[in-house]
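A.B. asks: Residue numbers for the sequence shown follow the working numbering, beginning at 26 and rising by one. Even for Gly, the Cβ is constructed at its ideal location relative to N, Cα and C.
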Amino acid sequence: MSFSLKNVISIKDFSKDDINFILKQAEEMEPVARSQKMSQTMAGKILGMMFYEPSTRTRLSFETSMKRLGGGVIGFAETGASSVTKGENLADTTRMVAEYADALVIRHNLEGAARYVSDIVDVPVINAGDGAGQHPTQTLLDLYTMKRVFGKIKGLNVALIGDLKYGRTVHSLSYALGMFGAKMSFVSPPELRMPQETLHDLKGANAVTQETNDINNVLDEVDVLYVTRIQKERFPDPEEYLRIKGAYLINSELLKGKDLIVMHPLPRVDEITPDVDDTKYGKYFEQAFYGVPVRMALLDALIKSFE
């Protein structure tokens, strides 16, 4: 197996072989991610980080991944610490960071920003989230989590719950789950349904899906509850957000006797209660850790392909 991509912008750009390559490499990277082994495969390499939106797990896991591989990290975690505050545009900022780095990671509020950036620089670009668009590296770690827990992805029944309209994580994940032959249940308020274009694409790929607004309709048949928060920052109308906030609440009582796991891209607000954290169901902190070996595998493959 080999990895064919020069940039990581959308999960749609991945072939099944590309994803399998990263998942296999991530498994080999896991002992390094856990400090059980050392690696210097990225010694002398620099990763440039450009985060125009807040991030905790994605930013820190990318930094950790590069450092675990023996490389260095530069960049900014918020625009107030960069020349963006002086009016510098995205193109100029990107070109400057690319002069200092061997690869770029960018998170931006505008959908399409990562692809635009990849067209103007000569180093690999990784999309760490673009508005309500895509979040491909989150999808890779989500798939890795499912494979580590169940030993497979094909045939799993996954319920995607919450904000399916604005949630970039579920947009990316649904495409990948369809590619691997998983069944999907979309659970959301009517106002936050999965976008029609996504449903159309999944139907064209012969993915097996169903929609409901009642979580009780899927609890007895799914292997994974993939919960997302209702994203206040994506709502153009604050009143719409307040009407929908708290539509679904996952607690230990709801899960009692069920044969499933609960995943979440984090951060959570109030959609999963703390009493789930230490149960056999809660896998979201383990899921967050898996972002390190997955992103290690991705950085290693991308940067080596440019050498």
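(1) To which residues of the same chain is residue 168 closer than 7 Å at the C-beta, ignoring the five residues directly before and after it?
(2) Note down the Cα distance separating residue 93 from residue 248, rounded to an integer number of angstroms.
(3) Okay, do the stretch 94-103 and the stretch 49-68 touch, 3+ Cβ pairs below 8 Å being the bar?
(4) Do you know offhand how far residue 241's Cα is from residue 250's?
(5) Taking the straight line between their C-alpha atoms, what separation do you get for residue 170 and residue 137?
(6) To the nearest angstrom, how far is the alpha carbon of residue 59 from that of residue 221?
(7) Going by the CB atoms, is the gap between residue 239 and residue 195 shorter than 9 Å?
(8) Could you spell out where the alpha helix (DSSP H) holding residue 45 opens and where it closes?
(9) Over what stretch of residues does the beta strand (DSSP E) that includes residue 132 continue unbroken?
(10) Restricting to runs no shorter than 4 residues, where is the alpha helix (DSSP H) found entirely within the stretch 133-197?
(11) From residue 278 to residue 81, what distance separates their C-alpha atoms?
(12) Rounded to a whole number of angstroms, what is the C-alpha to C-alpha distance between residue 38 and residue 31?
(13) Rounded to whole angstroms, how far is the Cβ of residue 210 from the Cβ of residue 159, which I believe are closer than 8 Å?
(14) Rounding to the nearest angstrom, what Cα-Cα distance links residue 323 and residue 89 in this structure?
(15) Using beta-carbon positions only, say whether residue 166 and residue 319 come within less than 9 Å of one another.
(16) Have a look at residue 118 and residue 129 and give me their C-alpha separation to the nearest angstrom.
(17) Just to confirm, are residue 153 and residue 140 a CB contact at a threshold of 9 Å?
(18) Rounded to a whole number of angstroms, what is the C-alpha to C-alpha distance between residue 143 and residue 162?
(19) Taking 7 Å as the limit between beta carbons, can you name the residues of its chain near residue 276, skipping five residues before and five after?
(20) Residue 187 and residue 272 - do their beta-carbons sit closer together than 9 Å?
(21) Kindly identify the DSSP beta-bridge partner or partners of residue 333.
(22) Quick check: what's the CA-CA separation for residue 55 versus residue 124?
(23) Can you find a CB in chain C that lies within less than 9 Å of the CB of residue 166?
(24) In the DSSP assignment, the beta strand (DSSP E) including residue 251 goes from what residue to what residue?
(25) Using a Cβ-Cβ cutoff of less than 6 Å, which residues in the same chain neighbour residue 83 once the five nearest sequence positions on both sides are dropped?
(26) Between the alpha carbons of residue 313 and residue 293, how many angstroms are there, rounded?
(27) What residue ranges within the stretch 273-323 form continuous beta strand (DSSP E) runs of no fewer than 3 residues, ordered along the chain?
(28) Apart from the five residues just before and just after residue 29, which ones in its own chain have a Cβ nearer than 8 Å to its Cβ?
(29) Between the alpha carbons of residue 122 and residue 100, how many angstroms are there, rounded?
C.D. replies: Working from what's here:
(1) 44, 48, 178 and 201
(2) 32 Å
(3) yes
(4) 12 Å
(5) 27 Å
(6) 41 Å
(7) no
(8) 41-58
(9) 128-133
(10) 138-143 and 161-175
(11) 30 Å
(12) 10 Å
(13) Going by Cβ atoms, the distance from residue 210 to residue 159 rounds to 21 Å, so no, they are not a contact pair.
(14) 13 Å
(15) yes
(16) 12 Å
(17) no
(18) 16 Å
(19) 298, 300 and 301
(20) yes
(21) With the chain running from 26 to 332 in the structure shown, residue 333 is simply not present.
(22) 31 Å
(23) Here there is only one protein chain, and chain C is not present.
(24) 249-252
(25) 153
(26) 12 Å
(27) 286-288
(28) 40, 42 and 43
(29) 7 Å
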